[in-house]
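As structure tokens, the structure follows; a few thoughts come after it.
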Amino acid sequence: MNIAIIGSGYVGLTTGTCFAELGNNVICADIDKEKVENLRKAIMPIYEPGLKELLERNIREKRLEFTTDIKKAVSSAEVIFICVGTPPKESGEADLSYVENVADEIAKTISSYKVIVEKSTVPVETGEKVMETIRANNRNKVEFDVVSNPEFLREGSAVSDFMNPDRIVIGANSKKAREMMEKLYKPLNAPILFTDIKSAELIKHASNSFLAAKISFINAVANICELTGADVEKVAEGMGLDKRIGKQFLNAGIGYGGSCFPKDVDAFVKLAEKKGYNFELLKAVQKINKLQRNLFIKKIEDALWNIKNKTIGILGLAFKPNTDDMREAPSLDIISALQREGAKIKAYDPEAAEKSSKIFGNIEYCNDPYEAAKDSDALVILTEWSEFKELDLKKVKSLMRNSLVIDGRNIYNKSEMEKLGFKYISVGR
34 MNIAIIGSGY VGLTTGTCFA ELGNNVICAD IDKEKVENLR KAIMPIYEPG LKELLERNIR
94 EKRLEFTTDI KKAVSSAEVI FICVGTPPKE SGEADLSYVE NVADEIAKTI SSYKVIVEKS
154 TVPVETGEKV METIRANNRN KVEFDVVSNP EFLREGSAVS DFMNPDRIVI GANSKKAREM
214 MEKLYKPLNA PILFTDIKSA ELIKHASNSF LAAKISFINA VANICELTGA DVEKVAEGMG
274 LDKRIGKQFL NAGIGYGGSC FPKDVDAFVK LAEKKGYNFE LLKAVQKINK LQRNLFIKKI
334 EDALWNIKNK TIGILGLAFK PNTDDMREAP SLDIISALQR EGAKIKAYDP EAAEKSSKIF
394 GNIEYCNDPY EAAKDSDALV ILTEWSEFKE LDLKKVKSLM RNSLVIDGRN IYNKSEMEKL
454 GFKYISVGR
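Here the numbering used here runs 33 ahead of the position in the sequence shown, where the first position is 1.
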């Protein structure tokens, strides 16, 4: 099929590249000229394992191209995916101005039947607004359908998530649109759930908010474990063996971050408020997530006694491993708090240093974890990259000024760290 992807950010680039890999002809459009020029040369704007290789192959085989001309992309496509950003406003509501602008542009361009797909994460009832916008500006008065097809791509495993989905959700009001979407996704041989548009829109926000709630719940339990002397990892293991609960997202730590969970929980709370419902459960999830970072900062303060003029090595800057995404990363709050108290920060992250340097110009970026540990008064773990789990810990200890490790991700065995002579502080253990 001929597909247009409007917006070549994280979701759009992954979606477009993977659809091309399935044999479709894909045009990705973006208003950022520099990004488009780079993508034509397979220069990636993001780090995502496996994506660059797929992009290079599909450009070479002429199934994938990039343009700044939205009209060109739209006119040749049978299915048009809207993948533009929906950043939060100061109020917490999603900013849908980019979605509206794209809908307006599509309406003025289409001259034959199109399926127009909401792929961006949007609040319920956005589909109605998109339909109204296209209907009002549909110069050629052609038939079209709007579909909601939320994405469930995890940063760090997005290619695998696209190619091996748990489910595909398609909200459509017409048989013709459902059939076209079913044909498009048929090669994945995955379960497809057909719903109305509003239900599909709600599935995305409800899913992310539920996962965020699991994270905040286990972090609250971790705080109880610290107060009582229990081990949160054993508690989580016991909970996770219950099939009704499951073990995923029961890892205690410093809270969730990234571009999805904080934004989507905020937007869901605001949507509920607009409709007259006080979503107190999600407000508590937000509060616990913020508190978890503050409690971790206090762990560092208590362990070092005085922060001023101390050298602190930071391992991990991205909000999670296998990505360079710094959006809403816990490291932002934690490093800022330490700097306000006068700490000298040395940091290492396998992929996120470049993006971090645009935020923190006043920290020392290291070439490897051992350099971050050297002469540090404390080593703080903020992202659970696999390479951190494989460090030569005896070497780390020999390099540090003080053998203090404060682990926000519980990546090390507590008893082994203590046997090696570290003062080891973790979360809920």
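Backbone N, C-alpha and C define an ideal beta-carbon position, used for all residues, glycine too.
Residue span of the beta strand (DSSP E) that contains residue i, given as start and end
i, result
"residue 137", "Run containing residue 137: none in the beta strand (DSSP E); it sits in the alpha helix (DSSP H), 130-142."
"residue 62", "58-62"
"residue 457", "456-458"
"residue 35", "35-39"
"residue 99", "97-100"
"residue 114", "112-115"
"residue 255", "No beta strand (DSSP E) holds residue 255; the alpha helix (DSSP H) holding it covers 230-261."
"residue 194", "Premise fails: residue 194 lies in the alpha helix (DSSP H), 191-196, not in any beta strand (DSSP E)."
"residue 411", "411-414"
"residue 437", "437-440"
Residue i (DSSP reduced to helix, strand or coil)
i, result
"residue 224", "coil"
"residue 380", "strand"
"residue 181", "strand"
"residue 206", "coil"
"residue 341", "coil"
"residue 148", "strand"
"residue 451", "helix"
"residue 335", "helix"
"residue 398", "strand"
"residue 65", "coil"
"residue 186", "coil"
"residue 103", "helix"
"residue 348", "strand"
With 16 other Cβ atoms within 10 Å as the buried cut-off, status of residue i
i, result
"residue 296", "buried"
"residue 261", "exposed"
"residue 382", "buried"
"residue 106", "buried"
"residue 281", "exposed"
"residue 57", "buried"
"residue 289", "buried"
"residue 21", "Examination of residue 21 is not possible in this model, given that the chain is present from 34 through 462 alone."
"residue 302", "buried"
"residue 212", "exposed"
"residue 113", "buried"
"residue 181", "buried"
"residue 311", "exposed"
"residue 351", "buried"
"residue 419", "exposed"
"residue 120", "exposed"
"residue 283", "buried"
"residue 188", "buried"
"residue 454", "exposed"
"residue 314", "exposed"
Assumed close pair residue i, residue j - CB separation to whole angstroms, cut-off 8 angstroms
i, j, result
"residue 441", "residue 286", "6 angstroms"
"residue 347", "residue 379", "7 angstroms"
"residue 234", "residue 160", "6 angstroms"
"residue 359", "residue 389", "6 angstroms"
"residue 170", "residue 137", "5 angstroms"
"residue 443", "residue 215", "Not quite, the Cβ-Cβ distance comes to about 43 angstroms (not below 8 angstroms), so this is no contact."
"residue 198", "residue 217", "Not confirmed; about 13 angstroms, so no contact."
Check: residue i C-beta below 6 angstroms from any heavy atom of the ligand MN
i, result
"residue 255", "Because no ligand of any kind appears in the structure shown, any question about the ligand MN cannot be addressed here."
Delimiting residues of the alpha helix (DSSP H) encompassing residue i
i, result
"residue 297", "294-307"
"residue 366", "363-373"
"residue 387", "386-390"
"residue 393", "No alpha helix (DSSP H) holds residue 393; DSSP gives it neither H nor E."
If you pair each beta-carbon of the segment 354-373 with each one of the segment 324-341, do three or more pairs fall below 8 angstroms?
-> These segments touch.
Hey, is the segment 249-269 in contact with the segment 223-236, meaning 3+ C-beta pairs nearer than 8 angstroms?
-> Taking a cut-off of 8 angstroms on C-beta distances, the segment 249-269 does not touch the segment 223-236, as fewer than three cross pairs fall below it.
The segment 56-74 / the segment 94-109 touching (three or more Cβ pairs under 8 angstroms) = Flag = yes, the segment 56-74 and the segment 94-109 touch.
Are the segment 351-361 and the segment 78-86 touching, with three or more C-beta to C-beta distances below 8 angstroms?
-> A contact is defined here as three or more CB-CB pairs under 8 angstroms, and the segment 351-361 meets this definition with respect to the segment 78-86.
Evaluate contact between the segment 427-443 and the segment 398-405, counting only Cβ atoms and requiring at least three cross-stretch pairs below 8 angstroms.
-> Segments in contact, yes.
Quick check: the segment 446-456 against the segment 235-248, are there 3 or more CB pairs under 8 angstroms?
-> The segment 446-456 is not in contact with the segment 235-248.
Say whether the segment 263-278 touches the segment 180-194, bearing in mind that this needs 3 or more beta-carbon pairs closer than 8 angstroms, one atom from each stretch.
-> Cβ pair count under 8 angstroms is below three, so no.
May I ask you to verify whether the segment 133-145 touches the segment 313-331, counting CB pairs closer than 8 angstroms and requiring at least 3?
-> Counting Cβ pairs under 8 angstroms, fewer than three are found: no touch.
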